[in-house]
Amino acid sequence: MEEPMHNSAITAAFDTGPAFVPYLTAGDPTFEASLEYVQALERGGASVIELGLPFSEPIAEGKTIQNAISRSLEGGMTPVRFFKFLEQLDVTVPLVCMTYYNLIYQYGTHDGPRPFVERAATAGLDGIIVPDLPAEEAGPLHSACQSHGLDLITIVAPTTTTDRLERLVSLCSGYLYVQARLGVTGARSDVSEQTAASLDRLTDIELPVAVGFGISSGEHARTVIESGADGVIVGSALVEIIGEGHRAGDSPDMVAQRLEAKSREITTAITKLQQQP
Amino acid sequence: MEEPMHNSAITAAFDTGPAFVPYLTAGDPTFEASLEYVQALERGGASVIELGLPFSEPIAEGKTIQNAISRSLEGGMTPVRFFKFLEQLDVTVPLVCMTYYNLIYQYGTHDGPRPFVERAATAGLDGIIVPDLPAEEAGPLHSACQSHGLDLITIVAPTTTTDRLERLVSLCSGYLYVQARLGVTGARSDVSEQTAASLDRLTDIELPVAVGFGISSGEHARTVIESGADGVIVGSALVEIIGEGHRAGDSPDMVAQRLEAKSREITTAITKLQQQP
Amino acid sequence: MTGTFGRYGGQYVPEALMPALTELKGAYEQYVLENADGFMDEFHERMRSFGGRPTPLQRADALSDRYDTDVYLKREDLVHGGAHKLTNALGQVLLAKYMGKERIIAETGAGQHGTATAMAAAHLDMPCEIYMGRTDTNRQRPNVFRMRLNDATVTPVDVGRGTLKEAISEAMRDWAQSVETTHYVIGSVVGPHPFPKLVREFQSVISEESRRQIRDRTGSLPTSVVACAGGGSNAMGSFTTFLNDDVALHAVEAGGESLTVDADAGVAPNSATLQTGSEGVLHGARTRVLQDEHGQIMASHSVSAGLDYAGVGPELAHLVDAGRVSAHTVDDETALAGVHRLSQTEGIIPALETAHAVGWLEEATESQLGEQIVLTVSGRGDKDLETVLEESTRRNIPETPDMDVFDPPANGGTDA
Amino acid sequence: MTGTFGRYGGQYVPEALMPALTELKGAYEQYVLENADGFMDEFHERMRSFGGRPTPLQRADALSDRYDTDVYLKREDLVHGGAHKLTNALGQVLLAKYMGKERIIAETGAGQHGTATAMAAAHLDMPCEIYMGRTDTNRQRPNVFRMRLNDATVTPVDVGRGTLKEAISEAMRDWAQSVETTHYVIGSVVGPHPFPKLVREFQSVISEESRRQIRDRTGSLPTSVVACAGGGSNAMGSFTTFLNDDVALHAVEAGGESLTVDADAGVAPNSATLQTGSEGVLHGARTRVLQDEHGQIMASHSVSAGLDYAGVGPELAHLVDAGRVSAHTVDDETALAGVHRLSQTEGIIPALETAHAVGWLEEATESQLGEQIVLTVSGRGDKDLETVLEESTRRNIPETPDMDVFDPPANGGTDA
Ligand SMILES: Cc1ncc(COP(=O)(O)O)c(C=O)c1O
Ligand SMILES: Cc1ncc(COP(=O)(O)O)c(C=O)c1O
């Protein structure tokens, strides 16, 4: 297994115990409110933050995040503004961009992922996740990330076969994103049996392993960490707080408080735990 | 050419000069009104009267007579009542029934035209015209008519070929019905050129020749007689008077007077004329 | 006598039309029977390249399982326009062209014959006018659109109930006036001689094909052939080539709502002419008709507009009298269930007319079904979608799919 | 690299779907390319008896006169269901069966692919769910009816504009969850490898037939082949067998209302992906797409729902780049006039998609037309009747028939 080419701030964030990795769509519902929300996540104990750069065809997202993406796009979010967003953020935890390949591919004046990665590096981004980029197509982005010291985080699915797993791990740095269940993003009220099975076959991976897709409460998060994960990724459960606040017309401050509280619920649930060997 | 088997009252009606042969649908719009109307026609100078027995599919009629047929059927006219109608009529001129073959065929308890013809004879009918019965199918009705002393009146069309003409004439007694133009019944404002052409080829026929289809005024009638016809058949122009009166809610008396006046217009126009040799 | 089938047939039309019938008979003999000027070759070639013939004979696996026999479907629904009707329409329009006619008229009920004629007329560049009852123009809008797109004039008929019967009468009236330049393309094996023979001759290509196809495929002839019958062109077309074989022939009529008639109202709530009709004269022919005791033609009824006719072809009536063809009725509900059954199990949405034949399989005895059945799918059901759903829902036909999909969107969106 | 066509193609899908694509690729190679277990034999046999193949190649006499050349029509409108779409749908559902899948999903825009898939699934007894944008379910009611009659679940998609693009995304989401038991029947030569090849392989039966038919009939190959292109399955199907011949290949896209885009609103008032699109990644493949400067996919537009898509098949995009296929656009008005022209002069009411190819004949140069043209009539227009009349009337297309026939009846009746 190939060693990451750089000292990853993201990987380092997993050193201090089980990590809480929240996701928000940047610019949801507005640029300003969203800045506030990200900072609330950090206050709530986030170890790493995933920021969605919204794409018009989010084929891997469930309804909650689709709606967030619509709100953000209507609010005028673009890749150009996304980088401004990153620059205006006042947080210290590592930041990961989650987006679809076409936005990466189109960025800048010439084709290919390099211009995007270059700009991302200057904007202070630490890593990239691209849900519609399997190992087969990841070559160009991977090498651009390596040149600019960014982590390319790959996703392992319940359907991933052993040979594919090796290839995904070899491309990956930062943390390995383990998809807890088949399907799209979205909060669930149970923890998938697939999660434990997935984690079982990752015991000898050197990278930290974070589990996402469907984690919605401190209790879930605890179960996942107890099953052997190094961190939990929580998206829809947080995004839904923003969506509800938006529909109810609540102030950004109120919403930010709720996000912080939810984050703390999860952080609290997992920081007491020692991850399984 | 075969001689009629009986002394036809209908043929005799043509002896005294050009004949006026009006048509009404019996029972239009009611049984009683219709009785009155027929008598008005006689007062107006009718030589022979054609009475329509209404059939649900009158394929040879234009809109005017179709509407009359609908009114009569709605008023409850049936073949059985038609014969009662004949029996209640107080007229002396010969009467002809005009109807479609199915009603003749269905009448009585066994199939075929005989029961109808038998009953028609006792009801005082003198002749029958069946627009949907060409020479090819007329055999049974023809022989029934002959047995009961009724005239079967056949129709000659502008499209009738010479050999068909001979056959039609040989079946015919009473008068030969010459269809003035192609198409269906209905009042027109001109006299068809086809009329003169049709009459030309009938000069050596022994039967009286009456022309129908579209004659609507005294003037038309005169032209037809001048072209060599022995009589004129007027249907839609009279039926329309009934229809108009019905729609306007006029009393049967008023309508009867108009029918009488219209009849007199035509009688007057033609009685002065001597038919062409 | 020529032009009759046993007691039935003949030419009960106004004298003005007789020369046209004589001319048509001559053309029929010359072009159709004797292939003069290669008429039939051109007809077959156009039905191949324009019309999509031959249509396949398909084994219906689900129906075969259901009835524990071999059911084959003769796929007339694949003919251009969606029904067997084009075969006749194209044949007659082409014949009119050979006869030097300049104009085409036709009647239509559901609109299938009208659309077929309009297509054939556009294809052969003939002006065309279609008579259609006012009621039918309103309930068959898509077919009116199709005829108009094919540049046919559509003339609504405001007489009576404004349905097929009135449209035929009106077309005959037009013809009585225009007969010298115009050919009247009648839509089934009905009307005066030579129409019943002419139409049957064109449509018998159905059984020419299916007889050959079933032999090629199974090495034998079917036990029985099943076809729905309105005027009877689909039935005659499906049967003709099998007439001299040891094959049972089943004609399925529309039983409508009930087989009892309301003579006072002049209404038969069915179109079961062969089963409940009596001998009479309608639209130029002596045949079985639905009539009251006086001989007035009754308003018929069927959920399927194409079967909704008070008469039937004289040859078919004769074959039933002679015992060569068995007549059956299937009511509205069984037919509706038949639409659903074929749609759900075979992936073919049949016309409501066809669905009567499909429905009959449910009611037939084992010996009637026999070992091998050919059922003619006379047309596709696209024209009937709204009717099928409305009528199936109204009658609580259990197979009816729900249409909840049209409900307004749930507000907002959550992950469920 | 496998699964690419020049710069285009590939597999841009979530990792969760990769094993399914690998499995599908294996099945494609085994069953489709190598005819394992007689798969292709069964496919061809079912397309024959159930689907109505081969479809005829018909000389279009009026068009040939009009353009002073020989125009032949490849009649895919006669395929069961009314469009070329069934060939792909049946192929994939059958393949899913061979692969042991238990459930079918598909997306649909106009409803043609959805109805084709629902038919194929009913025919092969597979549960089936169709995703369809909410806007489309409402404007394509008859096709929703047809799918429901064939027992498919129709799931409206309330995201975005509620059209095809959103339906595809939603189907992919379902698949991401159900991939172990479910096959996703994609509706055109789009999506991740191996879909573009798989669909092209099934649809290339169009050009296998037409190449043979035109040679049998004329002894030579055509000068050019013309086909409309949305996703491109009709075009690829119509072209593939001619790729190595000296035959010009013309793909006609929807020019919509205009070729200029409103990038701010994120709307391209056309679907001219090949002509105005740029390289991007959409729905699993790198290809030409309609996108704004940032890479957001734009809402496309065409009067024809089946061409209304912001992407195009990667192989077709490559063939255009490579100069082997010429891409053209035809706008809404020219397409509408094309519907009327074919309906009125040939008696064939084409789908609005097809009408783009028909419209192109008006705009092509003499040398583009050449001496002999094969034009694929990809589908029939029954689904488009209301749209054609509304849109033609709104734009005053001169060929539009009037619909006065629907006026209320004149009161009373007189002899006129
Ligand atoms: C599909 C279909 N089948 C059957 C019929 C019944 O007519 P016929 O009995 O003449 O075949 C019709 C008439 O419109 C029809 O459209
Ligand atoms: C009749 C018809 N033609 C063409 C198309 C366009 O699709 P494709 O380009 O994949 O053939 C469609 C799509 O629905 C269609 O229904």
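Chains as they are written, first to last, in the numbering used here: chain A, -10 to 266; chain B, -10 to 266; chain C, 813 to 1228; chain D, 813 to 1228.
For every residue, glycine included, the Cβ atom is placed at its ideal position computed from N, Cα and C.
Because the structure is a prediction, the values reported are computed rather than measured.
Query, Result
"Whole alpha helix (DSSP H) elements within the segment 114 to 192 of chain B, 4-residue minimum", "128 to 136, 151 to 160, 182 to 189"
"Distance between D/Leu845 and D/Leu837 (C-alpha atoms, nearest Å)", "Looking at the sequence shown, residue 837 of chain D is not Leu but Lys. Going by the C-alpha atoms only, they are around 10 Å apart."
"C/Glu1021, DSSP secondary structure in three states", "helix"
"Cβ contact (3+ pairs, closer than 8 Å) linking the segment 1014 to 1023 of chain C and the segment 896 to 906 of chain C", "yes"
"Nearest residue (CA-CA) to A/Ala210, options A/Val173, A/Thr257, A/Arg170", "A/Thr257"
"C-beta contact flag for D/Asp986 and D/Thr993 at 9 Å", "no"
"6 Å CB neighbourhood of D/Thr949 in its chain, flanking five on each side removed", "Val956, Pro968"
"Closest Cα partner of A/Tyr164 within the set A/Ile38, A/Thr150, A/Gln95", "A/Ile38"
"Environment of D/Asp880 [buried if 16+ CB atoms lie within 10 Å]", "exposed"
"Members of the segment 1169 to 1185 of chain D that neighbour chain A once the beta carbon cut-off is set at 9 Å", "none"
"Residues that DSSP places opposite C/Gly1092 in a beta bridge", "C/Thr1099"
"Rounded distance between the beta-carbons of C/Met1048 and C/Val1079, thought under 8 Å", "About 27 Å separates the two Cβ atoms, so there is no contact after all."
"Secondary structure of B/Gly41, DSSP reduced to three states", "strand"
"C/Glu1202 versus C/Asp937: straight-line alpha-carbon distance, rounded", "38 Å"
"Between the CA atoms of D/Gly1182 and C/Ser1155 - distance to the nearest angstrom", "44 Å"
"Expected contact under 8 Å - CB spacing of A/Leu13 and A/Leu30 to nearest Å", "7 Å"
"Test item: CB-CB of A/Ser36 and A/Thr5 under 9 Å", "yes"
"Chain E residues whose Cβ lies nearer than 9 Å to that of D/Glu888", "Of the chains in the structure shown, none is chain E; the protein chains are A, B, C and D."
"Exposed unless 16 or more other CB atoms sit within 10 angstroms - verdict on A/Glu254", "buried"
"Interface positions of the segment 108 to 134 of chain B facing chain C (Cβ-Cβ less than 8 Å), listed along the chain", "Pro120, Asp121, Leu122, Pro123, Ala124, Glu125, Glu126"
"Which residues DSSP lists as bridging C/His1062, in chain order", "C/Val1038, C/Ser1138"
"Residue range of the unbroken beta strand (DSSP E) whose run includes A/Phe9", "8 to 14"
"Proximal residues of chain C, C-beta to C-beta of D/Asp935 below 7 Å", "The question names Asp, but residue 935 of chain D in the sequence shown is His. Near D/His935 (Cβ distances below 7 Å), the residues of chain C are Glu1158, Gly1159."
"Residues, ordered as in the chain, of the segment 902 to 933 of chain D that lie near chain C by beta-carbon distance below 8 Å", "Ala930, Met931, Ala932, Ala933"
"D/Lys897 CB to nearest heavy atom of ligand 2 below 8 Å", "yes"
"Nearest residue (CA-CA) to C/Leu1197, options C/Gly1171, C/Gln952, C/Arg860, C/Gly1089", "C/Gln952"
"Pair within 9 Å by beta-carbon distance, C/His1152 and D/Leu961", "yes"
"is_contact[C/Asn962, chain D] using C-beta, thresh 9 Å", "yes"
"Contact check, A/Ile231 vs A/Val221, beta carbons under 9 Å", "no"
"Pair within 9 Å by beta-carbon distance, C/Leu1148 and C/Ala1063", "no"
"A/Ala109 versus A/Phe72 - alpha carbon distance", "7 Å"
"CB contact check: D/Arg985 to chain A, cutoff 9 Å", "yes"
"Under 9 Å between C-beta atoms of C/Gly1123 and C/Leu1102", "yes"
"9 Å Cβ cutoff met for C/Met984 and C/Val1137", "no"
"Contact belief for C/Ser1000 with C/Gly1096 at Cβ below 8 Å, rounded distance in angstroms", "The pair is not a contact, with the Cβ atoms about 12 Å apart (cut-off 8 Å)."
"DSSP-derived helix/strand/coil call for B/Pro104", "helix"
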